[in-house]
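Asks: 107 is the number of the first residue of the sequence shown in our numbering; add one for each residue after it. Attaching a single structure in structure tokens format; questions to follow.
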Amino acid sequence: MDNFRLDGKVALITGASYGIGFAIAKAMAAAGAKIVFNDIKQELVDKGLAAYKEEGIDATGYVCDVTDEDAVNALVKKIETEVGNIDILVNNAGIIKRIPMIDMKASEFRQVIDVDLNAPFIVSKAVIPTMIKMGHGKIINICSMMSELGRETVSAYAAAKGGLKMLTRNIASEYGEYNIQCNGIGPGYIATPQTAPLRERQPDGERHPFDKFIVSKTPAGRWGNAEDLGGPAVFLASDASNFVNGQILYVDGGILAYIGKQP
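The following block contains the structure:
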């Protein structure tokens with residue numbers, strides 16, 4: 107079981123002030139990792155630091171826009187100086203804009219691609235040289251079921267996550283010989299503050315139609331919790347996954363395997 111430990115490893119989880127990134131960071135901290143995270147605003151970093159402190163985790167937080175290559179390069183150098191070389195990178199920061207494709211502006215499409223696809227490229231590119239020198243490294247990209255599926259109003263998000271899936275495979279192909287493993291996690295529908303409106307009870311007491319739809323399509327019969335992603339993330343960050351490379355692990359309660367019940 108020691109192969110699953112992360113003792114002494116430095117893990118950078120982008121956008122991990124709350125939500126999925128925070129849950130992954132908690133799991134990695136429990137396995138022994140030193141947690142470093144960033145967010146785009148100081149108030150979010152401060153909120154994250156307070157949340158980590160409440161959990162008894164000594165995390166280090168920085169303000170950084172992960173779409174800014176110069177800022178990311180400076181961040182990585184600062185982490186290496188103040189905390190240590192980055193052993194584990196989780197590209198978690200992301201956004202979604204739910205807009206029908208024909209109503210979406212090209213600038214809005216580009217913004218989603220920039221945060222969800224270009225940023226993982228930028229941050230990975232910044233940490234890989236030191237990983238090569240160390241002779242090891244783990245990169246985990248938070249993909250999505252939208253790496254595999256399309257759905258109304260998420261054209262930019264699906265395009266970005268599909269691209270991230272292929273970036274994951276290409277990093278594995280290009281740098282696997284240096285003992286760097288790059289894999290993805292594809293969350294299903296996860297109960298987070300962002301999805302809370304989709305699970306609110308209606309005025310008549312009925313469940314939200316989207317809530318009913320998702321539960322009916324998920325063999326597990328429920329939404330996932332952010333904590334459901336902790337174990338898979340620790341596995342992919344640990345020596346237990348040293349021969350796992352270029353894979354996407356879908357943590358979705360079985361939804362991608364299921365065609366649904368006959369009406």
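Note that beta-carbon positions come from the ideal geometry of N, C-alpha and C, so glycine has one too.
1) Can you give me the start and stop residues for the alpha helix (DSSP H) that phenylalanine 341 sits inside?
2) On a CA-only basis, which of Ile354, Trp329, Ile365 is nearest glycine 292? Give me that one, please.
3) Alpha carbons only, please: which of Arg111, Ala265, Ile130, Ile119 is nearest the one belonging to tyrosine 168?
4) Using 8 Å as the threshold, is the C-beta distance between asparagine 197 and serine 230 below it?
5) Under the assumption that valine 357 contacts glycine 330 (Cβ atoms under 8 Å), give the Cβ distance between them as a whole number of angstroms.
6) When you compare only the Cα positions, how much space is there between glutamate 149 and phenylalanine 143?
7) What residue from Met252, Lys184, Pro325, Asp209 has the CA that sits closest to isoleucine 365's CA?
8) Suppose contacts are defined by Cβ-Cβ distances below 8 Å. Is alanine 266 in contact with isoleucine 219 by that definition?
9) To the nearest angstrom, how far is it from the Cα of isoleucine 296 to the Cα of leucine 270?
10) Buried or exposed: where does lysine 147 fall if 16 or more other Cβ atoms within 10 Å of its Cβ makes it buried?
11) Beta strand (DSSP E) containing tyrosine 100: first to last residue?
12) Kindly say whether isoleucine 354, judged by its beta-carbon, lies nearer than 8 Å to any beta-carbon of chain D.
13) From the DSSP output, which residues share a beta bridge with asparagine 197?
14) Per DSSP, glycine 121 is paired with what?
15) Using only CA atoms, which one of Lys159, Gly200, Ser261 lies nearest to isoleucine 208?
16) Who pairs with lysine 140 in a beta bridge, going by DSSP?
17) Using DSSP's beta-bridge definition, name the partner residues of valine 178.
18) Taking methionine 289 as part of the beta strand (DSSP E), name the residues at either end of that continuous run.
19) To the nearest angstrom, how far is the alpha carbon of proline 226 from that of phenylalanine 215?
20) Give the DSSP-derived three-state secondary structure of aspartate 145 in the structure shown.
21) Measure the CB-CB distance between asparagine 351 and glycine 282 and report whether it falls below 8 Å.
22) Assign alanine 297 to one of three DSSP states: helix, strand, or coil.
23) Report the option in Gln308, Gly121, Met134 whose CA atom is closest to the CA atom of alanine 339.
24) Could you tell me which residues DSSP pairs with tyrosine 356 in its beta bridges?
25) What separation, rounded to the nearest whole angstrom, lies between the Cα atoms of glycine 359 and methionine 272?
26) Do isoleucine 126 and alanine 332 have their C-beta atoms closer together than 8 Å?
27) So if DSSP puts glycine 376 in a beta bridge, which residue, or which two residues, is it bridged to?
28) Once DSSP output is grouped into helix, strand and coil, what is the label at asparagine 191?
Replies: Looking at the atomic coordinates:
1) 336-343
2) Of all alpha-carbon atoms in Ile354, Trp329, Ile365, the one lying nearest the alpha-carbon of glycine 292 is that of Ile354.
3) Closest option to tyrosine 168, judged by alpha-carbon separation, among Arg111, Ala265, Ile130, Ile119: Ile119.
4) In this structure, asparagine 197 lies near serine 230, with their beta-carbon atoms less than 8 Å apart.
5) 7 Å
6) 13 Å
7) Pro325
8) Yes, the pair counts as a contact, with Cβ atoms nearer than the cut-off.
9) 19 Å
10) exposed
11) The displayed coordinates of the chain run from 107 to 369. Any statement about residue 100 would go beyond what the structure contains.
12) Although the question refers to chain D, the structure presented lacks it and comprises just one protein chain.
13) Paired residues: Asn247.
14) In the DSSP assignment, glycine 121 is bridged to no other residue.
15) Of the candidates Lys159, Gly200, Ser261, the residue whose Cα lies closest to the Cα of isoleucine 208 is Ser261.
16) Lysine 140 pairs with Val116.
17) Beta-bridge pairing links valine 178 to no other residue.
18) It should be noted that the sequence gives asparagine, not methionine, for residue 289. Counting along the chain, the beta strand (DSSP E) containing asparagine 289 begins and ends at 286-293.
19) 17 Å
20) strand
21) yes
22) strand
23) For the set Gln308, Gly121, Met134, the Cα lying nearest the Cα of alanine 339 is the one of Met134.
24) Gly292
25) 23 Å
26) yes
27) As shown, the chain starts at 107 and ends at 369. That puts residue 376 outside it, with no answer to give.
28) coil
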